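K.L.:
Numbering (the numbering used here), first residue to last: 0 to 113.
1. Taking just the CA atoms, how far does residue 11 sit from residue 46?
2. What would DSSP say about residue 110, mapped onto helix, strand or coil?
3. Leaving out the 5 sequence neighbours to the left and right, which residues in its chain are closer than 6 Å to residue 77 when beta-carbon positions are compared?
4. DSSP on residue 71, reduced to helix/strand/coil?
5. Can you tell me whether residue 16 is helix, strand or coil according to DSSP?
6. For the ligand ZN, any of its heavy atoms closer than 7 Å to the Cβ of residue 17?
7. DSSP state of residue 94, grouped into three classes?
8. Of all the alpha helix (DSSP H) runs that stay within the bounds of the region 41 to 67, which reach a length of 4 or more residues?
9. Considering only their Cβ atoms, is the gap separating residue 94 from residue 111 smaller than 8 Å?
What follows is the structure, given as structure tokens:
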């Protein structure tokens, strides 16, 4: 009689553990599927970001060697393009021009309108 009384709670505990294990495994499978979906979305977003970055940079030119004192890099860039490439541009054709770096002869990125 005592053996049977001991076995019954053991069977109940075992059944509860199996149910709990199945629940946990089900949730784990769901999380694994969500992770897989998120990994695919992440890859797609990275590819799209790379494409947008490449497309954005196609209208940019990097100029080196302008003096740090140059207050309006757009005018200096237009002069360089006119004198070197013999192309007449106006400031309206430049979207933005900004200095990068901290040296005396620093590069300037010029973004042109398409």
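Ideal placement from N, C-alpha and C gives every residue a C-beta, glycine not left out. Small disclaimer: the values here were computed from a predicted structure and weren't measured.
P.N.:
Inspection of the coordinates gives the following:
1. Position 47 of the chain shown holds residue 46. Position 12 of the chain shown holds residue 11. In this structure, the straight-line span from the alpha carbon of residue 46 to that of residue 11 is close to 53 Å.
2. Walking along the chain shown from the start, residue 110 turns up at place 111. It is a strand residue.
3. To locate residue 77, count along the chain shown from 1; it is residue 78. For residue 77, where only same-chain residues beyond five positions count, the Cβ hits under 6 Å are 88.
4. Translated into positions along the chain shown, residue 71 becomes position 72. Coil at residue 71, not helix or strand.
5. Translated into positions along the chain shown, residue 16 becomes position 17. Residue state, collapsed to three classes: helix.
6. With respect to small molecules bound, the structure shown includes none, and the ligand ZN cannot be examined in it.
7. Locating residue 94 in the chain shown gives position 95, where the first residue counts as 1. Three-state result, residue 94: strand.
8. If we require 4 residues or more, the region 41 to 67 turns out to have no alpha helix (DSSP H) run fully inside it.
9. Counted from its first residue, the chain shown places residue 111 at position 112. Counted from its first residue, the chain shown places residue 94 at position 95. In contact: residue 111 and residue 94 (Cβ atoms closer than 8 Å).
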